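Visitor: Taking my numbering, the leading residue of the sequence shown gets 23, the next gets one more, and so forth.
Where a beta carbon is used, it is the ideal one built from N, C-alpha and C, also for glycine.
Predicted, not measured: the structure shown is a model, and the values here were computed from it.
Handing you a structure now.
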Amino acid sequence: MISTTSLIAGIAILAVGTYAMRISGILLNNKTGMSERVKEMFSLSAIVILFSVAMTSTFFDGDQLADIAKIIGVGVAGVLTWKKKPFILVVLSAAIITAMLRWIATLWG
23 MISTTSLIAG IAILAVGTYA MRISGILLNN KTGMSERVKE MFSLSAIVIL FSVAMTSTFF
83 DGDQLADIAK IIGVGVAGVL TWKKKPFILV VLSAAIITAM LRWIATLWG
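Below you can see the structure in the form of structure tokens.
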């Protein structure tokens with residue numbers, strides 16, 4: 023288990039880094055010449071990072087492989103999001119499907 027001091031230090035470092043990035047954006051507002059292609063690459067890189075974090079947390083639970091119910095639940099959420107369904111429907115559907123699959127798994131032993 024991680025110590026409280028390490029957790030608070032990690033949160034503080036991430037907060038300082040986040041606000042430093044925000045302040046640099048304000049201070050450098052249009053002072054650097056970036057082409058539209060570079061701006062698009064930055065935008066896409068943020069999406070790639072978020073997607074990779076989501077996939078890692080979907081398929082792994084700590085250092086173990088995640089259970090199939092979690093993977094299917096995230097898949098259901100992904101399909102519903104792709105179909106542009108309301109957020110509450112996406113979250114509830116994924117949670118219900120995951121819970122039902124885990125319940126069925128406990129019945130089978």
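Taking 7 Å as the cut-off, decide whether the C-beta atoms of PHE82 and ALA88 are in contact.
Guide: Yes, they are a contact pair.
Visitor: Measuring only the C-alpha atoms, how far is ILE110 from VAL101?
Guide: Distance between the alpha carbons of ILE110 and VAL101 is about 14 Å.
Visitor: Please report the distance separating the alpha-carbon of ALA34 from that of ALA68.
Guide: The alpha-carbon atoms of ALA34 and ALA68 are separated by roughly 22 Å.
Visitor: Short of 8 Å in beta carbon distance, which residues of its chain neighbour ALA116, apart from the five on each side in sequence? Order them along the chain.
Guide: Cβ neighbours of ALA116 beyond the five flanking positions: GLY95, VAL96, VAL98, ALA99 and LEU102.
Visitor: What distance in whole Å lies between the Cβ atoms of ILE93 and THR78, which are believed to be in contact at a cut-off of 8 Å?
Guide: Going by Cβ atoms, the distance from THR78 to ILE93 rounds to 12 Å, so no, they are not a contact pair.
Visitor: CA-CA distance, TYR41 and GLY131?
Guide: In a straight line, the C-alpha of TYR41 is about 49 Å away from that of GLY131.
Visitor: When burial is assigned at 16 or more other CB atoms within 10 Å of the CB, is VAL38 buried or exposed?
Guide: It counts as exposed.
Visitor: Does the beta-carbon of THR54 have 16 or more other beta-carbons within 10 angstroms, so that it is buried, or is it exposed?
Guide: Its Cβ having fewer than 16 others within 10 Å, THR54 is exposed.
Visitor: Can you name the residues that DSSP bridges to PHE82?
Guide: According to DSSP, PHE82 bridges with LEU87.
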